[in-house]
Amino acid sequence: MMKKYMCLALLVICFAFSHALGDDAFPLKAKRVLFLGDSITNAGHYVSDIETQLRLQVISPLPEIINIGLSSETCSGLSEPDHPFPRPDVHERLDRALDKARPDVVVACYGMNDGIYYPFSEERFAAYKAGVRKLVNKVHTSGAKIVLMTPPPFDPSPLKGKEGKLLPAGAEKYAWFAIYENYDDVIQRYAEWVMQNDAGADMVVNVHQPISDFLKEQRERDPGFSMANDGVHMDARGHRVMAKAILNAWGLDSWKEPSPELQKLVQQRERVLHAAWLSHIGHKRPGVKEGLPLADAVANAAELDAKITPLVPAGK
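Each residue of the sequence shown is one higher than the one before, starting from 553 at the first, in our numbering.
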């Protein structure tokens with residue numbers, strides 16, 4: 553009898569947990585979702601992976617996905633001394649982004665650049681936390697909800713044995729090309745703070761842990777396995793793990809394998825709109841190629857939509 557009641561209790565707990573996940577599906581109900589972040593988001597693979605899954609799993613109406621990730625960006629306003637230009641700060645363009653894109657959900661991923669590749673510092677940590685809180689508050693003031701992601705891990709393994717790429721504690725200075733060897737300890741602390749949700753986001757998503765777990769699992773079979781040659785910028789495999797973690801938090805725990813053609817078209821569409829929106833909103837990072845005028849990019853995206861539609865299930 554006791555075993556029966558324990559099983560019943562477990563069922564109730566599981567149902568309650570599922571219900572809680574269902575309540576967290578607000579990004580799937582959004583009209584427009586805006587992705588903010590640094591070079592990892594700028595690369596766009598996890599963003600297009602998410603959009604591909606929303607299409608394959610017939611989320612209807614389909615949220616409009618806008619990616620304005622910007623390489624080198626921080627939310628703390630910090631730059632390492634040897635960076636070739638002051639790192640762009642998301643707060644320089646955030647008001648314009650919210651005003652022009654008018655999202656009802658914002659998804660943000662910062663932290664990798666915010667530690668500026670140095671050992672942990674309370675001062676830098678405080679700047680990161682202040683930047684995240686300011687970001688959350690601005691998004692809420694605009695009337696949108698925000699999904700806050702942890703930074704992904706820094707992986708030092710591919711850099712070991714490469715002279716000057718990893719530096720020990722006590723070095724005179726560090727940079728994106730000469731990184732503190734235990735920098736992931738810094739990123740881990742940032743990720744733990746994000747998951748505490750001290751900033752008051754509508755949802756927090758841990759991408760650091762699943763990527764770290766995936767790396768560990770793969771290295772049990774292949775000790776030389778890597779997804780980021782520079783320790784920072786993951787390839788498409790890492791982005792897929794990231795996308796799965798986000799979708800799981802949104803209540804989509806299944807994954808439908810896209811055809812290569814579908815994947816290519818969605819990525820192409822994302823790239824066109826990404827460049828156009830970056831230029832339309834404006835930023836201060838040098839060396840970024842100008843995107844198409846937004847109207848032209850939207851027309852281009854519509855042409856790609858016509859090719860995408862036959863490759864996904866019909867809408868509900």
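Every residue gets a Cβ at the ideal spot worked out from N, C-alpha and C, and that includes glycine. Given the structure is predicted, the values throughout are model-derived calculations rather than measurements.
- [ ] Consult DSSP for ASP641 and reduce its assignment to one of helix, strand or coil.
- [x] It is a strand residue.
- [ ] Just tell me which of ALA751, TYR670, ASP857, GLU772 has its CA closest to the CA of ASP737.
- [x] Taking only the C-alpha atoms, the option nearest ASP737 is TYR670.
Open item on the list: Tell me the residue span of the alpha helix (DSSP H) that contains MET747.
Closed with: Where MET747 is concerned, the enclosing alpha helix (DSSP H) stretches over 735-748.
Open item on the list: With DSSP as the reference, identify every bridge partner of TYR598, one or two as the case may be.
Closed with: Beta-bridge pairing links TYR598 to no other residue.
TODO: Can you check DSSP and say which residues form a bridge with ASN619?
DONE: DSSP lists PHE587 as partners of ASN619.
Task: Own chain partners of GLU813 with C-beta closer than 6 Å, once the 5 adjacent residues on each side are dropped - done: Answer for GLU813: no residue qualifies.
Task: Start and end residues, beta strand (DSSP E) containing MET701 - done: Segment 697-701, the beta strand (DSSP E) holding MET701.
Open item on the list: Under 8 Å, with one C-beta from each stretch per pair, do the segment 843-859 and the segment 814-827 reach the 3-pair mark?
Closed with: Touching, per the Cβ criterion.
Task: 6 Å CB neighbourhood of ALA730 in its chain, flanking five on each side removed - done: Within the same chain, GLY716, LEU719 come within 6 Å of ALA730 by CB-CB distance, once the 5 residues on both sides are set aside.
Task: alpha helix (DSSP H) segment containing VAL688, residue limits - done: Element bounds for VAL688: 674-693.
Task: Cβ contact (3+ pairs, closer than 8 Å) linking the segment 614-627 and the segment 592-599 - done: Yes, the segment 614-627 touches the segment 592-599.
TODO: Give me the Cα-Cα distance between TYR732 and ILE739, rounded to the nearest whole angstrom.
DONE: Between the alpha carbons of TYR732 and ILE739 lies a gap of roughly 11 Å.
- [ ] Let me know the secondary structure DSSP gives LEU573 once reduced to three states.
- [x] Unreliable positioning characterises LEU573 in this predicted model, as indicated by a pLDDT of 35, which lies under 50. The coordinate reading is nonetheless provided below. Of the three classes helix, strand and coil, the one that applies to LEU573 here is helix, per DSSP.
Task: Coarse secondary structure for ILE731, derived from DSSP in three states - done: Per DSSP, reduced to three states, the secondary structure at ILE731 is strand.
Task: For LEU718: DSSP bridge partner residues - done: Note: LEU718 sits in a beta bridge opposite ILE731.
TODO: Report the rounded CA-to-CA distance for LYS647 versus ASP707, giving the unit in angstroms.
DONE: According to the sequence shown, residue 647 is Asp rather than Lys. Going from the Cα of ASP647 to the Cα of ASP707 covers about 33 Å.
Open item on the list: Given this structure, state the Cα-to-Cα distance separating TYR662 from ALA866, to the nearest angstrom.
Closed with: So the alpha carbons of these two residues sit roughly 36 Å apart.
Task: Beta-bridge partners of CYS885, as assigned by DSSP - done: The chain is shown from 553 up to 868; residue 885 falls before or after that span and cannot be answered.
TODO: Let me know if LYS882 comes out buried or exposed under the rule of 16 or more other beta-carbons within 10 Å of its beta-carbon.
DONE: The requested residue 882 is not part of the displayed model; the chain covers only 553 to 868.
Task: Nearest-angstrom Cβ-Cβ length linking GLY843 and LEU863, presumed shorter than 8 Å - done: The beta-carbon distance between GLY843 and LEU863, rounded to whole angstroms, is 25 Å. This is too long to meet the 8 Å contact definition.
Task: Residue nearest to ALA871 in terms of C-alpha spacing, selected from ASP782, MET755, GLY683, THR604 - done: Since the first and last residues shown for the chain are 553 and 868, residue 871 lies out of range.
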